[in-house]
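Visitor: Residue numbers (our numbering), protein chains in the order written: chain A, 4 to 544; chain B, 37 to 289. The C-beta atom is built at its ideal place from N, Cα and C for all residues, glycine as well. Predicted, not measured: the structure shown is a model, and the values here were computed from it.
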Amino acid sequence: MQKEYSIIVGGAAGLGSKKAGNIIAQLFSNLGYNIYVYEDYQSLIKGGHNFSLIRASSKPVAAIRERVDFVLALDEPTAKLHFNQLKDKNSIVYNADKFSFKYGIPVLAGQITKEYGGIDIMQNTALVGAFAKVIGLDWAYAKKVFKKEFSVSTELNINIAQSAYKSSKTLISIPKISNKIYPILSGNQAIAMGALAAGLEAYVAYPMTPATGILNYLSLVDNITVFQSENEIAAANTVMGFSFAGKRAMTGTSGGGFALMNEAIALSGQSETPLVIVDGQRMGPSTGVPTYNSQSDLLHVLSAGPGDFERFVVAPGDANEAFYYSALAIDIAWKYQLPSIIITDKDLCEGTYSCDLEYKSSIKSKLWNGKGEYLRYQNTKDGVSPMAFPGNVKAVVKGTSYEHDEFGVSVEDSKKIKEMQDKRSKKYREFHKEVSKLKGVNVYGNKKSKTAVIAWGSVKGSAIEMAEKLNIKLIQPVILSPFPKKQILKAINGVDKLILLELSNSGQMAKLLSCNGINVTKKVLKYDGRPFTIDQLIKIK
Amino acid sequence: MDNLTLKTTNTWCPGCGNFFIFNALKKAIAKKKKENIVLVTGIGCHAKMADYININSFYGLHGRAIPVAQGIKAGNNNLSVICSSGDGDSFNEGISHLIHAAKRNNNITVIIHDNHNFALTVKQFTSTSPKGFKGSSTPYGSIEDPINPIELMIASGATFVARGYAPKVDHLADIIDKAIEHNGFSFVQVLQPCVTWFNTYQDYNKRVTEYYGPSNDKSKAIELAYEEKLPIGVFYKKNKPSFEDLLLDKNAK
Ligand SMILES: Cc1ncc(C[n+]2csc(CCOP(=O)(O)OP(=O)(O)O)c2C)c(N)n1
Ligand code: SF4
């Protein structure tokens, strides 16, 4: 039997609901639970309503349910908005110094915080302390977790938590379920760590939700070069500069910033200089709804940049895949000297997952052996030209945005133009060959079912549970370019009903599939910025 | 032919000021370790330097030479990275990069081939064209006042600001050499006659005067930049840690 708990912790921006959510996730994680945290917040700094939904389960999870076991209300709107989601109306823990409520467990968070000389935001500590008692954790265990989570004002926070703990009462007793404890990471952290696993040496970006977390995370990592650029055009071109100098670099943004990088993507294609970009999708078009989710950049990402050239595009579905495929995206970009794009979405970037990270690779870039005259665009048998970098006494290295000869000088002669186009085509054929051998499609659920759903990106999480509950098949494409047609055809073999699940208004994956001769029977689309819940999906016929 | 010139076909108009700038650059780098120099260009007549010079180069996008140069320099601090950019390239399309590179004090050299027009797209006005410039998109004359490149660079925080005149090759080569040796952002505005669309030889030959600087006084430098006599030389120089000094220092922490 799956053992699981869902908890909402919410409050206005500035009240610390996210931090409280992190600590609750840690309280469960350290008892061996698998964690998923969904963050729902608005594009404002103070006020409004933010909440985290923590789901802790004995099985891996990456999606949310509508009904919850507990609500922690830092303010009254949280209590009012989420009360209906409670399975038991008494399972609400609230800040009784802010408002009164008919049900649940009042915590005098303001009073306790003041008593210990804390600041207002520490009222969230009081609520979490009280909650630890509600779920029957012993104080010694809770204290250990708190100690780790509060790196500043540790003592003070622990005192506040303990006082609230003492004043609270126990409703249930959460058992420890495993000794195996997985680290919990956001998708953005997993992307950054994956990139580091593939040898990332520099990250340059301009802030844009939901990719900003990658920039912030990497800024704290030692021994890599990280800086903020004046805009996304600069970021992408600076990454090209790093690559040209022989250093693995990456940038990250969301749809609007990605649009500004279009010209650089084509430059990567033409100049055969590796360019790795993370596109964290959010609700568009345009500025759209900055902190809510959507999967509507797909066609843009697949076709961005003028001219004919190929790109590697991966769409991880959870943090483990974010780690693995980010590393892969870098290795592929460097082996085939082309743009690689990691397309993610807000819920994956900013959601938190229990992780088991792994990446091993034998993909190596082709380096020049130092013999003879160096030709940056040498027309080799496989179309991949060996790389050399400035600083090499024996090589003059010429990269260019113009069509060029093997040395790297511009050409306009019809024969030479075609020769170089054909050289790149040879390279793309090798690239396709290698990518077709990589895992580009995952299949879950009942593999024999005649009904299949197809879902990508963060929707994987809810779609897996849907498939399991309805005993149907889930097909999840992870490599989107070059399109893994053979793998998809194999996965849909025997399926007579193919349902697309996508967070968009038009069903962009259906368009991509139809370009490849595959038609979906039905599209289930959500475009209100919020994720699919498992409850919604299991009603789909 | 010298060993810094490729055997490619040169397509600049005969008499183009770019020939002088090309010679001055080759002269400036002749004694340096060739493998440690990278030329980054934008797009325009000026940018063809990349196809003519036998050194490492990256022939990038219109207006985007500077961010590429910045990545190369941060990627390998042993390299000397020089941008050849046009007035359209860096004072129109990519002006934000230029200002930010000056502000950051990136340790790169930017040479602006300032011919006061978009030459390769057949004569349109740029940010440095004089008011009244008659180009293909402004048949009745441009109605905008120009930017003064020197003033903008000084205001933006550039730590080496100079002006050269293309035909004065030795003088220009000396400026470029100093610019490359400067630790920090070095900016060289080169007055470049475009014989085909905006022939300024006669006018400049009369006005250009050599100035023996540099000064560390910003207002003096800006005054010079507006002088009718068209002074050439190093207008301003300041010693300050470069962006890369600070960045690599931070990385080591
Ligand atoms: C993004 C983009 N926009 C426009 C162009 C077309 N274009 C090519 S060269 C050029 C003007 C170059 O002017 P400048 O930088 O002053 O160089 P010059 O030709 O005068 O040396 C333009 C607008 C382009 N290549 N890329
Ligand atoms: S158009 Fe002007 S700038 Fe271009 S090559 Fe001719 S003279 Fe030189």
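With 7 Å as the C-beta to C-beta threshold (strictly closer), list the residues of the stretch 386–411 of chain A near chain B in chain order.
Guide: Listed by position, the residues of the stretch 386–411 of chain A near chain B (Cβ gap below 7 Å) are P393, G394, N395, V396, V399, V400, K401, G402, T403, S404, Y405.
Visitor: Would the C-beta of B:A83 count as close to ligand 2, meaning under 7 Å from any of its heavy atoms?
Guide: no
Visitor: Are there 16 or more other CB atoms within 10 angstroms of the CB of A:N182, so buried, or fewer, so exposed?
Guide: exposed
Visitor: For A:T70, is the classification buried or exposed, using 16 other Cβ atoms within 10 angstroms of its Cβ as the cut-off for buried?
Guide: It is worth fixing the name first, because residue 70 of chain A is Arg in this sequence and not Thr. That one is exposed.
Visitor: Quick one: Cα of B:Q228 to Cα of A:E42, how far?
Guide: The straight-line gap from Cα to Cα measures roughly 57 Å.
Visitor: Go ahead and label B:Q225 buried or exposed: buried means 16 or more other beta carbons lie within 10 angstroms of its beta carbon, across all protein chains shown.
Guide: Classification for B:Q225: buried.
Visitor: Mind checking A:N162: buried by the 16 CB within 10 Å criterion, or exposed?
Guide: buried
Visitor: Between A:Y97 and A:G132, is the Cβ-Cβ spacing less than 8 Å?
Guide: Taking 8 Å as the Cβ cut-off, A:Y97 and A:G132 do not qualify as a contacting pair.
Visitor: Is the stretch 448–459 of chain A touching the stretch 404–418 of chain A, taking contact as three or more C-beta pairs under 8 Å?
Guide: By the Cβ criterion, the stretch 448–459 of chain A is not in contact with the stretch 404–418 of chain A, since fewer than three pairs of Cβ atoms, one from each stretch, lie closer than 8 Å.
Visitor: Starting from B:N275, follow its DSSP beta bridges and name the residues at the other end.
Guide: According to DSSP, B:N275 bridges with nothing at all.
Visitor: Would you say A:G244 reaches chain B, if we count a Cβ-Cβ gap shorter than 8 Å as a contact?
Guide: yes
Visitor: Residues of chain A with CB under 8 Å from B:T145, in chain order?
Guide: Going along chain A, no residue has its Cβ under 8 Å from B:T145, so there is no contact; the nearest lies around 15 Å.
Visitor: For A:K631 versus A:A470, is the C-beta distance shorter than 8 Å?
Guide: Outside the modelled stretch of chain A, which goes from 4 to 544, sits residue 631 of chain A, for which no answer is possible.
Visitor: Taking C-beta pairs closer than 8 Å, name the residues in chain A that B:L224 reaches, listed in chain order.
Guide: Checking the sequence shown, residue 224 of chain B turns out to be Val, not Leu. Residues of chain A passing the Cβ test: none, with the nearest at roughly 20 Å.
Visitor: Could you name the residues that DSSP lists as bridge partners for B:R199?
Guide: B:Q225, B:G269
Visitor: Report, in whole angstroms, the separation of the C-beta atoms of A:E437 and A:L341, which I expect to be a contact under 8 Å.
Guide: Actually they do not touch by this definition, with Cβ atoms about 12 Å apart.
Visitor: If the criterion is Cβ atoms closer than 8 Å, does the pair B:I144 and B:D123 meet it?
Guide: Not a contact, by the Cβ cut-off of 8 Å.
Visitor: Roughly how many angstroms separate the alpha carbons of A:I543 and A:A267, rounded to a whole number?
Guide: When rounded, the distance between both Cα atoms is 42 Å.
Visitor: Looking at the C-beta of A:T254, does it have a partner C-beta in chain B at a distance below 8 Å?
Guide: no
Visitor: Quick one: what's A:P109 bridged to in DSSP?
Guide: A:Y97
Visitor: Give the residues of chain B in contact with A:E433, contact being defined as C-beta atoms less than 7 Å apart.
Guide: Those do not exist, as A:E433 stays about 25 Å from chain B at its closest Cβ, beyond 7 Å.
Visitor: Using DSSP's beta-bridge definition, name the partner residues of A:L504.
Guide: A:V527, per the DSSP bridge assignment.
Visitor: Compute the beta-carbon to beta-carbon distance between A:L18 and A:N127, rounded to the nearest angstrom, for a pair I have assumed lies under 8 Å.
Guide: 6 Å
Visitor: A:M286 by DSSP, collapsed to three states: which one?
Guide: strand
Visitor: Using a C-beta to C-beta distance shorter than 7 Å, which residues of chain A count as neighbours of B:L42?
Guide: V412
Visitor: If you measure between the beta carbons of A:A262 and A:F312, is that distance less than 8 Å?
Guide: Note that the C-beta distance between A:A262 and A:F312 is not below 8 Å.
Visitor: Does any C-beta atom of chain A lie closer than 8 Å to the C-beta of B:A110?
Guide: yes
Visitor: So, under 8 Å CB-CB, B:F127 and B:T157 are touching, yes? Tell me the CB distance rounded to an integer number of Å.
Guide: About 15 Å separates the two Cβ atoms, so there is no contact after all.
Visitor: Counting along the chain, where does the alpha helix (DSSP H) carrying A:S365 start and finish?
Guide: Counting along the chain, A:S365 falls outside any alpha helix (DSSP H), and DSSP gives it neither H nor E.
Visitor: Could you check the C-alpha separation between B:F56 and B:K109 for me, to the nearest Å?
Guide: 26 Å
Visitor: Using a Cβ-Cβ cut-off of less than 7 Å, give me the residues of the stretch 136–167 of chain B that come near chain E, in sequence order.
Guide: Among the protein chains of the structure shown, namely A and B, there is no chain E.
Visitor: On the criterion of 16 or more Cβ atoms from any shown chain inside 10 Å, does A:N496 qualify as buried, or is it exposed?
Guide: exposed
Visitor: Going straight from the alpha carbon of A:I175 to that of A:R58, what length do you get?
Guide: 16 Å
Visitor: Give the secondary structure of B:V205 by DSSP, where H, G and I count as helix, E and B as strand, and everything else as coil.
Guide: helix
Visitor: What residues from chain A crowd round B:R100, counting only those whose CB sits closer than 7 Å?
Guide: I236, N240
Visitor: Pull the bridge partners of A:N445 from the DSSP assignment, please.
Guide: A:Q479
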